[in-house]
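Residue numbers (the numbering used here): 2 to 313. Note that the Cβ used here is the ideal one computed from N, Cα and C, for glycine as well. It should be emphasised that the depicted structure is a prediction, and the values quoted were computed from it without experimental measurement.
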Ligand code: TXA
Ligand code: MG
């Protein structure tokens, strides 16, 4: 059921979290399926609802820097990145503080914790009431992430309370950086561009074997129903087409433009919604125009690659 935002609904939904129930909440990246971060009961329910492989750990969200810091062994890289990008679409992976009381189920047994301070004001209001929540994206595992309340309502067929916070502004998940080793590593491109992080930290490694460290990097993910093909310059007959930039007709059946002006930020914010529309437009497959691999284009291409990957 969708709850319009008000101080009453925020109170009611926060209480549900404190009672170990799970709810869907808006963030600036995508909607999250949230449970109290210390509650094994709530976390087990999140995994069950998402049908998520149990080895895939969750991001811990908080609105208080002190509370987030207290769960990990903080360091100077984290200090710099948090000062610049929090609250916002950036997740930091740090060694776990042995004194942390987070649900071990949420961490999937890892010795590191992924933490993030989201900027969506409604999410922050809930976090102010309840402390820390674990929240994966609010989609069944492997499918397209939700960028509005109705996406969540449809995916879980009305079974879960959803706080309506409008359309997600960023539209792609947070960037994940691993700061737990000798050098920073990019584990997942996302809402903050790699170039912006490198301005603060210097060079960041990527493309290392991370299959165990970030199991969310499963190959097939964000999958539409139809097969999806990337880097197609000219649309074929019988395909829905996801375009990018000014060289396309403004309106044409089966054509979905991520950004007619060629703006990668706008494209990122529309990606999942356009993928859903293309998937439902009645074509047998989806073609996607080439997207420049810079700035947020890195994260867009990452999501498209997974959507195009062979299904398991
Ligand atoms: O923008 C976001 O990050 C959204 C919103 C709801 O905050 N959340 C999100 O969560 O994308 P999820 O569960 O769909 O993706 C979390 C990713 C997974 O790929 C998981 O493997 C990785 O974070 N992760 C979590 N804890 C980790 C850890 N300790 N080390 C490495 N990767 C970790
Ligand atoms: Mg996800």
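Review point. Does the Cβ of residue 102 lie closer than 6 Å to at least one heavy atom of the ligand MG?
Key: Here residue 102 is taken as the residue at index 101 of the chain shown, counted from 1. Flag unset: Cβ of residue 102 not near the ligand MG.
**Study point:** Own chain, CB closer than 6 Å to residue 130, minus 5 neighbours either side, in chain order
**Key:** Reading the chain shown from its first residue, position 129 is the one you call residue 130. Once the five neighbours on either side are set aside, the close Cβ partners of residue 130 are 15.
Check your understanding: Across which residues does DSSP place residue 96 in a beta bridge pair?
Key -> Residue mapping note: residue 96 aligns to position 95 of the chain shown, counting from 1. In the DSSP assignment, residue 96 is bridged to 113.
Review point. Whose C-beta lies closer than 6 Å to the C-beta of residue 3 among residues of the same chain, with five residues either side of it excluded?
Key: Within the chain shown, residue 3 is the residue found at index 2, counting from 1. Hits under 6 Å: 150, 154, 163 and 165.
Review point. Any contact of the segment 300 to 313 with the segment 181 to 188, i.e. 3+ C-beta pairs under 8 Å?
Key: With the cut-off at 8 Å, the segment 300 to 313 and the segment 181 to 188 do not touch.
**Study point:** Per DSSP, cross-strand counterpart(s) of residue 257
**Key:** For the purposes of this step, residue 257 is taken as the residue at position 256 of the chain shown. Looking at the DSSP assignment, residue 257 forms a beta bridge with 243.
Practice item. Quick one: using the 10 Å Cβ neighbour count with 16 as the cut-off for buried, is residue 52 buried or exposed? Key: Within the chain shown, residue 52 is the residue found at index 51, counting from 1. The residue is exposed, with fewer than 16 neighbouring Cβ atoms inside 10 Å.
Review point. Say the cut is 6 Å; is the CB of residue 61 nearer than that to a heavy atom of the ligand TXA?
Key: In the chain shown, the residue the question calls residue 61 occupies position 60. Residue 61: no, Cβ never under 6 Å from the ligand TXA.
Check your understanding: Does the segment 82 to 101 come close enough to the segment 130 to 149 to have 3 or more Cβ pairs within less than 8 Å?
Key -> Judged by Cβ distances under 8 Å, the segment 82 to 101 makes no contact with the segment 130 to 149, as fewer than three pairs qualify.
Review point. For residue 156 versus residue 62, is the C-beta distance shorter than 7 Å?
Key: Within the chain shown, numbered from 1, the residue matching residue 156 stands at position 155. Within the chain shown, numbered from 1, the residue matching residue 62 stands at position 61. Cβ atoms of residue 156 and residue 62: not closer than 7 Å.
Exercise for review: In the DSSP assignment, find the unbroken beta strand (DSSP E) run with residue 36 in it and report its ends.
Suggested key: Here residue 36 is taken as the residue at index 35 of the chain shown, counted from 1. Here the beta strand (DSSP E) through residue 36 covers 33 to 37.
Review point. Pick from 55, 57 and 89: whose alpha carbon is nearest that of residue 66?
Key: Stepping through the chain shown from its first residue, residue 66 is reached at position 65. Of the listed residues, the one whose Cα sits closest to residue 66 is 89.
Review point. Residue 280 by DSSP, collapsed to three states: which one?
Key: Position 279 of the chain shown, counted from the first residue, corresponds to residue 280. It is helical.
Check your understanding: Which residues in the same chain as residue 75 place their Cβ atom closer than 8 Å to its Cβ, once the five residues preceding and following it in sequence are excluded?
Key -> For the purposes of this step, residue 75 is taken as the residue at position 74 of the chain shown. Around residue 75: 95.
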